[in-house]
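Asks: If you count the sequence shown from 1, you need to add 197 to reach the numbering used here.
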Amino acid sequence: MFLDIIKSRKISINSTQDATYVFKSDNSLGGMLTGFNKLLKIMLTVPVSSCTAERSFSPLQRLKTFLRSTMTQNGLNDIALLCVHRNEDIDIEKNANSFINSTKIRQSTFYM
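Have a look at this one:
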């Protein structure tokens with residue numbers, strides 16, 4: 198039915214943008230072709246590749262399973278960020294020294 202309407206209006210559809218334009222220009226099409234309207238909305242909202250989302254969801258699932266009972270939401274957010282950005286280089290010695298130097302007790306406890 199959508200193709201019949203397009204042919205009768207002599208419009209060429211080459212992309213989802215063209216189909217979106219047809220639906221926006223005629224409000225009655227959304228009511229007549231609800232299934233096609235839903236399909237178009239899904240096509241516009243689902244990313245082409247879900248790899249980025251899958252990369253962040255997989256470590257988060259492991260973290261939540263392992264730490265669910267003892268972790269607060271802020272702690273979970275911090276660990277999830279660290280897990281997602283695990284490929285960044287971190288100078289552990291520099292971070293350890295700044296941690297030790299932040300209080301007198303740590304300076305007396307740890308050797309630098």
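A virtual CB, placed ideally from N, CA and C, is assigned to each residue, including glycine.
(1) Looking at C-alpha atoms only, which residue of 305, 217, 277, 279 is the closest neighbour of residue 240?
(2) Check whether the Cβ atoms of residue 200 and residue 220 lie closer than 8 Å to each other.
(3) Return the CA-CA distance between residue 281 and residue 203, expressed in angstroms with no decimal places.
(4) Taking just the CA atoms, how far does residue 305 sit from residue 297?
(5) By the three-class DSSP mapping on this structure, what secondary structure does residue 294 have?
(6) If you follow the alpha helix (DSSP H) that residue 223 is in, where does it begin and where does it stop?
Replies: Quick answer:
(1) In the sequence shown, residue 240 corresponds to position 43, counting from 1. Checking every option, the nearest Cα to that of residue 240 belongs to 217.
(2) Here residue 200 refers to the residue found at position 3 when the sequence shown is read from its first residue. Here residue 220 refers to the residue found at position 23 when the sequence shown is read from its first residue. Contact flag unset, no.
(3) Numbered from 1 along the sequence shown, position 84 holds the residue referred to as residue 281. Numbered from 1 along the sequence shown, position 6 holds the residue referred to as residue 203. In a straight line, the C-alpha of residue 281 is about 46 Å away from that of residue 203.
(4) The sequence position of residue 297 within the sequence shown is 100, counting from 1. The sequence position of residue 305 within the sequence shown is 108, counting from 1. Straight-line Cα distance between these residues: approximately 9 Å.
(5) Taking the sequence shown and counting its residues from 1, one reaches residue 294 at position 97. Helix at residue 294.
(6) The residue labelled residue 223 in the question sits at position 26 within the sequence shown. No alpha helix (DSSP H) holds residue 223; DSSP gives it neither H nor E.
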